[in-house]
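Read through the structure below, which is laid out as structure tokens, and then see the notes.
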Amino acid sequence: INNKKVNSHRSSNQIPGDNIKPIMPHTVVTYTSWGERLRSACCGVCFGIILFLGSFPLLVWNEGRSIQRYESLEEGRKNVVVVADPTASIDRSREGMLVYMSGKAEAGADAAAVSDTTFGVSPSNILKLKRVAEMYQWEESSSSHTTKTEGGGTRTETTYSYHKTWSDHLIKSASFSDSSHENPSSMPYTSQIFLADPIVLGSYTLSNGLVGKINWFSDWTNDGSLSVDNIDDDYAHQTAIVYDNGFYMGSSPGSPEVGDMKISFKYIPEGTVSLVAAQTGETFTSYVTKRGGSLLLLRSGYHTADDLFLLAERDNVVITWLVRFAGFIIMYMGLKMVSQPLEVVLDRIPLIGRFAGDIMGGATSLVTCIVAAALSILTIAIAWLAYRPLLTFTLFAIVAGLVYFAKNRVDVNRHGTEIPMVKATPIFTDAEPSAPPRDGFV
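Residue numbers (the numbering used here): 3 to 444.
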């Protein structure tokens, strides 16, 4: 039987507050023949080879990126110029130079008020306002359990369960296994960000790149200005009510139904920021280092220039290790897919096939994991050798020296504690029966 599906239903799960029939988990049983598994495994070999080969350039590129970023930050740390007072007149002699400054980021004098005109929300003294639109929708989750059958096939039982949740994006119910759970085809309102334009720091205007780094949103609390009368949309004006720190559109906030919407808001107030960037006229751009990297740093609150570079170095280390781990996983998956046909072939053996395939699957998983780890480490070492040969050879020399020194210390300690061996000569007495005869006496 190839890919045969059998539907069934299991225990009920009633959601409180929903005026619907009990929700039944939906179970689909799929049978896959040995031939189907073998064809799928053989096709997976090609994809596995691509993954395996693709992991090497990813790991090499990551090491080059990491070294370039580190050297760029070191160069920036040495060349950065501190601007003590950003509110002073702009010094044109610093044009194109890497500068550091810290001060209050605020909306420019000619900037329009930051507001969501659709819902009439306009807090004062803010840099950004974010509308969060959420719809109450069905969400599908699934769990699968696969067992092997006689002849090398498999039986997969997948259980789909459904629950309702608030989501800020549209969940497409057309792909659900059970078509009786249906979501609306669109959201009348979506999340959106409104920002002050321009945003300034003293005498300078923040560039789009720096404005994009301002992302520390916090929940906005209703200050009493929320009112349905301020809504500039006919549908929302007729259906919305003020609820909590936003608006609710639907039957009842205490008993939501699929399709109901709620609108809330987040904001970023004006406040102190610290940045490192290249001064370009009255604004900033990314600073291009001799190594070919770019520097454009911004953080919330007061930080010294050294703090900004240290935080950037920390981020670089985190990214480097995440990409290394991703490269290892890609390599492991590729090797595992290449070895998959062997496991499928063994499953075909009568009586012991399922056990032989399981043993082979566990063995190949262990071996491919070890091989992937070894090749990943070797690739990273070769990349370091290619990008920084002097440092790599220096580290090898240091390690070799330490190993040689440790070995010599162990040898010295061992020889120094040896107890000298003294050869003893046995002494016999006449009383001892085993004593040899003396001068002819018996």
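Built from N, CA and C at the ideal position, the CB exists for glycine as well. In this text, all values refer to a predicted model and were calculated from it rather than measured experimentally.
Buried versus exposed call for residue i [16 or more other C-beta atoms within 10 Å across all chains shown]
| i | result |
| --- | --- |
| Leu131 | buried |
| Asp118 | buried |
| Val84 | exposed |
| Phe407 | exposed |
| Arg41 | exposed |
| Leu129 | buried |
| Phe395 | exposed |
| Pro223 | Per the sequence shown, residue 223 should be read as Thr rather than Pro. Flag for Thr223 reads exposed. |
| Ser57 | buried |
| Thr89 | exposed |
| Ser68 | buried |
| Ile351 | exposed |
| Arg94 | exposed |
| Ala198 | buried |
| Ser209 | buried |
| Glu136 | buried |
| Ile22 | With a pLDDT of 43 at Ile22, under the threshold of 50, the modelled position of that residue is not reliable, and the figure given next carries that caveat. Counting Cβ neighbours within 10 Å, Ile22 comes out exposed, since fewer than 16 surround it. |
| Gln240 | exposed |
| Leu100 | buried |
| Val368 | Looking at the sequence shown, residue 368 is not Val but Leu. Exposed, since its Cβ has fewer than 16 Cβ neighbours within 10 Å. |
| Ile372 | exposed |
| Arg133 | buried |
| Ala365 | exposed |
| Ile400 | exposed |
| Asn127 | exposed |
| Ala109 | buried |
| Gly283 | exposed |
| Tyr191 | buried |
| Arg96 | exposed |
| Val346 | buried |
| Trp36 | buried |
| Gly252 | buried |
Expected contact under 8 Å - CB spacing of residue i and residue j to nearest Å
| i | j | result |
| --- | --- | --- |
| Gly248 | Phe267 | 6 Å |
| Asn232 | Tyr72 | Not a contact, Cβ separation roughly 51 Å. |
| Thr285 | Thr207 | 5 Å |
| Asp170 | Ser193 | 5 Å |
| Gly336 | Ile92 | With a Cβ gap of about 54 Å, Gly336 and Ile92 do not count as contacting. |
| Tyr250 | Ala242 | 7 Å |
| Phe311 | Gly98 | Wrong, their Cβ atoms sit about 19 Å apart, outside the cutoff. |
| Thr167 | Arg157 | At roughly 31 Å, the Cβ-Cβ gap does not stay under 8 Å, so Thr167 and Arg157 are not in contact. |
| Ser341 | Thr370 | 6 Å |
| Tyr162 | Glu142 | 6 Å |
| Asn64 | Gln139 | Contact flag wrong, Cβ pair sits at about 38 Å. |
Short Cβ contact (8 Å threshold) for residue i with residue j
| i | j | result |
| --- | --- | --- |
| Tyr102 | Val82 | yes |
| Ser177 | Thr160 | no |
| Ala107 | Ile201 | yes |
| Leu298 | Gly211 | yes |
| Gly66 | Asp349 | no |
| His165 | Ser175 | no |
| Gly235 | Thr120 | Note on residue identity: the sequence assigns Asp, not Gly, to residue 235. Yes, the Cβ-Cβ distance between Asp235 and Thr120 is below 8 Å. |
| Gly295 | Ser74 | yes |
| Ala385 | Leu61 | yes |
| Val244 | Ser229 | yes |
| Phe49 | Met339 | yes |
| Gly214 | Gly105 | no |
| Arg293 | Gln70 | yes |
| Asp246 | His28 | no |
| Pro59 | Tyr269 | no |
| Phe330 | Ala383 | no |
Beta carbon proximity, residue i to chain C, threshold 8 Å
| i | result |
| --- | --- |
| Ser57 | In the structure shown, chain C cannot be found, because there is only a single protein chain. |
Check: residue i C-beta below 7 Å from any heavy atom of the ligand MN
| i | result |
| --- | --- |
| Val320 | Questions concerning the ligand MN fall outside what the structure shown contains, since it holds no ligand whatsoever. |
Between the region 279-286 and the region 260-268, do three or more beta carbon pairs fall short of 8 Å?
-> no
Does the count of Cβ pairs from the region 297-317 and the region 267-275 closer than 8 Å reach three?
-> yes
3 or more residues per run - each beta strand (DSSP E) lying fully within the region 128-208 = 128-150, 156-169, 194-197, 201-203
Stretch-stretch touch, CB-based, cutoff 8 Å, three pairs: the region 324-343 with the region 362-381 = yes
Those runs of the alpha helix (DSSP H) which lie wholly inside the region 300-351 and span at least 4 residues | 307-348
What residue ranges within the region 82-109 form continuous alpha helix (DSSP H) runs of no fewer than 4 residues, ordered along the chain?
-> none
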